[in-house]
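Comments concern the structure below.
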Amino acid sequence: MNIKFVVPGAPKGKERHRSSLNKSTGKMIFYTPAQTAAYERLIRQCYHAAAQAEARFAPAERPLRVEIDAYFAIPKGGTKTVHSLMHENVLRPMKKPDWDNIGKIICDALNGIAYRDDSQIVEAVCRKYYGAFPRVEVRISDAADKPEEKKHAVSPYGFGEAEL
Numbered sequence: 001m002n003i004k005f006v007v008p009g010a011p012k013g014k015e016r017h018r019s020s021l022n023k024s025t026g027k028m029i030f031y032t033p034a035q036t037a038a039y040e041r042l043i044r045q046c047y048h049a050a051a052q053a054e055a056r057f058a059p060a061e062r063p064l065r066v067e068i069d070a071y072f073a074i075p076k077g078g079t080k081t082v083h084s085l086m087h088e089n090v091l092r093p094m095k096k097p098d099w100d101n102i103g104k105i106i107c108d109a110l111n112g113i114a115y116r117d118d119s120q121i122v123e124a125v126c127r128k129y130y131g132a133f134p135r136v137e138v139r140i141s142d143a144a145d146k147p148e149e150k151k152h153a154v155s156p157y158g159f160g161e162a163e164l
């Protein structure tokens with residue numbers, strides 16, 4: 001499997017589930033916030049468009065690697081020098097959403113669609129950049145496709161890894 005797709009717009013993170021009390025039954029109701037649900041739908045639509053173009057229809061059943069590049073809009077304020085450093089990726093966004101929440105919303109949205117379960121993701125990278133066009137670029141590939149992969153074993157000292 002090797003598929004790439006782009007989710008247009010500002011990167012969003014996974015929001016926590018909300019809860020409310022149903023006064024008639026006295027039970028708690030848990031729900032996903034509307035913004036999170038809408039963004040997950042957009043992610044699935046973008047994936048489906050890329051998958052149809054590559055004739056991929058069945059969820060993957062093997063170990064996967066996911067790479068996520070999140071591009072944030074360059075802020076209006078600031079000097080030309082600062083803007084130039086942002087374009088050259090010298091200055092990177094250290095703002096919300098956090099990288100792990102960006103990865104979580106992408107991976108959760110693709111559960112059962114791109115792969116059977118997100119437990120199949122054995123390698124993941126999420127990077128944040130500034131860019132002229134806010135977007136999220138996602139690449140999903142087989143974990144075995146990484147040529148520089150090395151086999152490791154547990155160190156005889158009981159911590160760390162020893163190269164085989």
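1 is the number of the first residue of the sequence shown in full-length UniProt numbering; add one for each residue after it. We put the beta carbon where it would ideally sit given N, CA and C, even for glycine.
Asked	Found
DSSP-derived helix/strand/coil call for Asp98	coil
Reduced DSSP secondary structure (H/G/I, E/B, other) of Ser119	helix
For Lys80, three-class secondary structure by DSSP	helix
Distance between Ala58 and Arg16 (C-alpha atoms, nearest Å)	29 Å
For Ala55, the three-state DSSP class (helix, strand or coil)	coil
Other residues of its chain near Ala49: CB distance less than 8 Å, five sequence neighbours each side excluded	Phe5
Ala132 burial status per 10 Å Cβ neighbour count (16 or more: buried)	exposed
Asp118 classed as buried or exposed, judged by whether at least 16 other C-beta atoms fall within 10 angstroms	buried
Euclidean distance between Cα positions of Val66 and Thr79	35 Å
Through-space distance from Thr81 to Arg18, alpha-carbon basis	42 Å
For Asn89, the nearest candidate out of Leu64, Arg62 and Lys128 (CA to CA)	Lys128
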